[in-house]
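Using this note's numbering, read the sequence shown as starting at 48 and increasing by one per residue.
For reference, the structure discussed in these notes is given below.
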Amino acid sequence: MAFKHWPLVRDVRFAQKCGRFLRGARKRRPDLNWDEFRRIARHFKTDDMGSFPERGYLFQLASDLPADAKVVEVGSWMGASTCFIAGGLKGEKARIYAVDNFAGLSTCGEDAAWYNRHFQKLGATSTLEIFRKNFADLGFATRAEPVVSDSLAAAQSLAALRGAIDFVFIDGDHSYDACKADLLAWSPFVKRGGVIAFHDFGSRADGVTRAIFEQTRAGRFTEIVGVANTIIAFRI
Ligand SMILES: C[S@@+](CC[C@H](N)C(=O)[O-])C[C@H]1O[C@@H](n2cnc3c(N)ncnc32)[C@H](O)[C@@H]1O
48 MAFKHWPLVR
58 DVRFAQKCGR
68 FLRGARKRRP
78 DLNWDEFRRI
88 ARHFKTDDMG
98 SFPERGYLFQ
108 LASDLPADAK
118 VVEVGSWMGA
128 STCFIAGGLK
138 GEKARIYAVD
148 NFAGLSTCGE
158 DAAWYNRHFQ
168 KLGATSTLEI
178 FRKNFADLGF
188 ATRAEPVVSD
198 SLAAAQSLAA
208 LRGAIDFVFI
218 DGDHSYDACK
228 ADLLAWSPFV
238 KRGGVIAFHD
248 FGSRADGVTR
258 AIFEQTRAGR
268 FTEIVGVANT
278 IIAFRI
């Protein structure tokens with residue numbers, strides 16, 4: 048096991064990095080419940096795909112939504128990003144529709160190899176059980192609506208929610224074609240004045256960046272809400 052994965056070393060590194068992030072976050076947004084953020088971050092300290100600024104930004108976007116907000120996430124994996132969003136939501140009726148095939152399938156070459164390796168390590172055939180356990184452990188189970196489906200099929204089956212979603216977060220297949228298709232399929236779900244955000248903008252997944260640039264130029268979004276590392280958020 049690499050030195051950085053030794054439990055004590057990992058805990059010290061987590062405390063340092065999270066503490067550094069929280070000092071800035073508390074100054075920028077003293078109104079948000081950053082203790083709740085830290086509780087979620089601690090839960091995911093051994094297996095998380097995002098950085099503190101990205102997770103913090105999702106938490107902030109969710110915290111800024113009205114009570115009982117409805118959220119769609121495309122690409123939930125084991126539910127880490129989903130839980131950071133859930134932690135920011137308020138109101139008993141707040142819900143996250145977590146759309147994922149829960150099989151780690153991707154048409155993006157580099158991603159496909161990564162998922163295969165990770166699935167072998169987990170020894171699992173679906174991430175849905177892990178997703179459910181994470182939500183239950185953190186006390187968010189009532190907020191999650193896992194949608195076990197291909198993204199575009201889910202956009203058909205959930206068509207009744209078009210125009211009724213406060214926040215859509217897209218982090219599914221990172222190929223250009225898939226990201227563009229997700230963007231076109233899911234942006235009509237966002238309410239007027241609501242937010243759509245993407246992971247991996249400006250990352251090595253250049254198809255994501257290209258799809259977003261094209262749609263920005265086409266006037267699909269009214270304004271940029273904010274950027275945190277590779278997350279970019281727009282208002283519809
Ligand atoms: C990068 S991971 C999501 C990570 C998660 N949002 C997080 O930050 O913790 C991408 C996920 O998208 C899912 N996915 C990829 N293509 C999909 C598709 N066409 N339909 C549904 N899910 C898809 C994969 O199964 C994988 O779980």
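Note that the Cβ used here is the ideal one computed from N, Cα and C, for glycine as well.
- For SER128, the closest alpha carbon among the candidates ASP115, PHE281, ILE143, GLU176 is that of ILE143.
- At least one heavy atom of ligand 1 sits closer than 7 Å to the Cβ of MET96.
- In the structure shown, the three-state DSSP call for PRO235 is helix.
- If you draw a straight line from the Cα of PHE214 to the Cα of VAL119, it is about 6 Å long.
- Closest by C-alpha distance to GLU139, out of ALA188, GLN262, ASP247, is ALA188.
- ALA252 is not a Cβ neighbour of ILE279, given a cutoff of 8 Å.
- In this structure GLY240 is in contact with ARG282, their Cβ atoms being roughly 7 Å apart against a cut-off of 8 Å.
- Less than 8 Å separates the beta-carbon of ASP158 from that of HIS221.
- DSSP, read as helix, strand or coil, puts LYS140 in coil.
- CYS65 and GLU270 have their C-alpha atoms roughly 30 Å apart.
- THR256 is not a Cβ neighbour of PHE268, given a cutoff of 8 Å.
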